[in-house]
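Novice: In terms of the working numbering, the numbers along the sequence shown are unbroken and rise by one, the last being 571.
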Amino acid sequence: MPRFRVVVADFLADALQPEREILGDIADVVALNATAESDLVGHIESADAVMLYHNIAITAATISRLQQCKLIVRCGVGFDNVDHRAARAQGIPVGNVPDYGAEEVADSAIGLMLALTRGINFFNVRLQQRRGAWAFMDVAPLHRLRGRTFGVIGLGCIGTAAALRAKALGMDVAFYDPYKPDGYDKANGIRRVEKLDDLFAQSFVLSPHCPLTSETRHIVDARAIGLMPDGAYLVNTARGAVVDATAIPAAIRSGKLRGAGIDVLPFEPPPEDHPLLVAWRDPNDPCHDRVILNPHSAFYSEEGLLDMRVKGAQACRRALLGEPLRNIVN
């Protein structure tokens with residue numbers, strides 16, 4: 242029986258031990274470590290399965306050249322960097338790995354929230370730079386989290402994990418997810434909000450956990466932030482373009498937002514002139530003390546990274562052996 246060929250398009254450039262342990266008896270596994278879609282030309286066409294991470298996008302142009310591909314698996318939760326509709330038109334299923342980093346991303350969302358709402362980041366930045374007094378009143382006012390509303394957009398694996406963590410802190414957890422069947426609110430002891438604007442209006446902390454689609458692009462924009470209570474907080478560990486990050490500086494300066502923790506941006510690394518980066522780097526701008534930026538790292542732990550690789554490889558194995566597929570998004 243001829244051996245299959247599995248191509249890891251991007252992100253990985255090591256010995257691929259986890260992938261080869263799972264696929265080595267039936268397939269040759271090759272890592273391209275591409276940094277642009279053009280790097281794939283001439284190397285991906287004969288792949289029987291493709292593993293894709295988040296460093297590049299695969300468009301219809303690449304998909305049209307795939308001659309015998311049985312699966313494209315996005316090794317992560319979001320799948321907006323693969324043209325899944327073009328793949329479906331060509332008969333290629335696209336899958337994702339929705340559960341690999343639920344704990345890590347939820348922990349990061351809560352960690353960002355605590356660092357902001359307890360003044361931890363504010364104090365650290367200012368004291369390190371010898372700005373302000375060595376006194377708690379510099380950050381006043383701070384408010385107790387218990388009883389305050391933690392708003393979740395999207396109650397999937399990660400949204401649920403974040404919601405339960407916030408609930409454990411005594412917060413009043415509310416969620417908006419029109420695609421979630423009834424009963425999840427009762428099962429998790431949280432509240433469903435029927436209208437998105439109502440969620441904005443009551444969220445002391447807002448944390449989106451939805452995929453990036455045409456419906457969710459900039460679902461949190463200047464208008465949405467304007468509906469939030471004065472002095473609220475925004476955390477984004479979902480996808481970069483779910484939040485219009487250019488709206489954050491004005492909201493911080495006006496006091497509408499008291500802080501923002503952003504792990505993801507639409508382009509990574511972002512351009513140097515991005516308004517949020519410019520404000521965050523300026524010691525004279527309120528964003529400098531009240532915004533936390535991370536480099537799309539919320540998903541990361543050694544255990545989570547291994548889960549992502551193993552689950553992606555297992556999906557490829559099922560496809561190559563003709564077994565039932567799971568987590569197909571197209």
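Glycine included, every Cβ here is placed at the ideal spot set by N, Cα and C.
Taking only runs of the alpha helix (DSSP H) that begin and end inside the segment 337-384, which ones reach a length of at least 4 residues, in chain order?
Specialist: As far as the segment 337-384 is concerned, its whole alpha helix (DSSP H) runs of at least 4 residues are 343-358, 361-369.
Novice: How far does the beta strand (DSSP E) with residue 259 in it reach, from first residue to last?
Specialist: It is not in any beta strand (DSSP E) - residue 259 instead sits in the alpha helix (DSSP H) that spans 258-264.
Novice: Assuming residue 245 and residue 268 form a contact by the criterion Cβ under 8 Å, report the distance between their Cβ atoms to the nearest whole angstrom.
Specialist: About 4 Å separates the two Cβ atoms, so the contact holds.
Novice: Indicate whether at least one CB of chain D lies closer than 8 Å to the CB of residue 335.
Specialist: This model lacks chain D altogether, as it is built from one protein chain only.
Novice: Whose CA, out of 399, 437, 442, 522, lies closest to the CA of residue 450?
Specialist: With distances taken between Cα atoms, residue 450 lies closest to 399.
Novice: In three-state terms, what does DSSP make of residue 474?
Specialist: Three-state DSSP puts residue 474 in a strand.
Novice: Start and end of the alpha helix (DSSP H) containing residue 390?
Specialist: Run containing residue 390: none in the alpha helix (DSSP H); it sits in the beta strand (DSSP E), 390-394.
Novice: Would you tell me roughly how many angstroms separate the C-alpha atoms of residue 404 and residue 468, rounded to the nearest one?
Specialist: Between residue 404 and residue 468, the C-alpha separation is close to 21 Å.
Novice: Please go through the segment 414-471 and give each complete alpha helix (DSSP H) segment of 4 or more residues, from N-terminal end onward.
Specialist: 425-429, 437-443, 463-468, all fully within the segment 414-471.
Novice: Grab the span of the beta strand (DSSP E) containing residue 489 for me, first residue to last.
Specialist: First-last for residue 489: 489-495, but that is the alpha helix (DSSP H), not the beta strand (DSSP E).
Novice: Between the alpha carbons of residue 384 and residue 358, how many angstroms are there, rounded?
Specialist: Approximately 8 Å between the Cα atoms of the pair.
Novice: Does DSSP classify residue 534 as helix, strand or coil?
Specialist: Correct three-state label for residue 534: strand.
Novice: What does a CB cutoff of less than 6 Å around residue 463 pick up in its chain, not counting 5 residues either side in sequence?
Specialist: The residues are 488.
Novice: For the alpha helix (DSSP H) containing residue 327, name the first residue and the last one.
Specialist: Start and end: 325-330.
Novice: State the Cα-Cα distance for the pair residue 308 and residue 283, rounded to the nearest angstrom.
Specialist: Their backbone Cα atoms lie some 12 Å apart in a straight line.
Novice: Pick helix, strand or coil for residue 518, following the three-state DSSP scheme.
Specialist: Residue 518: helix per DSSP, three-state reduction.
Novice: Is the beta carbon of residue 342 closer than 8 Å to that of residue 545?
Specialist: For residue 545 and residue 342, yes; Cβs fall inside 8 Å.
Novice: Which term fits residue 418, buried or exposed, when burial requires 16 or more other beta carbons within 10 angstroms of its beta carbon?
Specialist: By the 10 Å Cβ count, residue 418 comes out buried.
Novice: Does DSSP put residue 499 in a helix, a strand or coil?
Specialist: If DSSP states are grouped into helix, strand and coil, residue 499 belongs with the strands.
Novice: Report the CB separation of residue 444 from residue 473 in whole angstroms; it is logged as a contact under 8 Å.
Specialist: Rounded, the Cβ-Cβ distance is 6 Å, consistent with contact.
Novice: Cα-Cα, which of 567, 317, 541, 300 is closest to residue 328?
Specialist: Measuring from the Cα of residue 328, the nearest candidate turns out to be 300.
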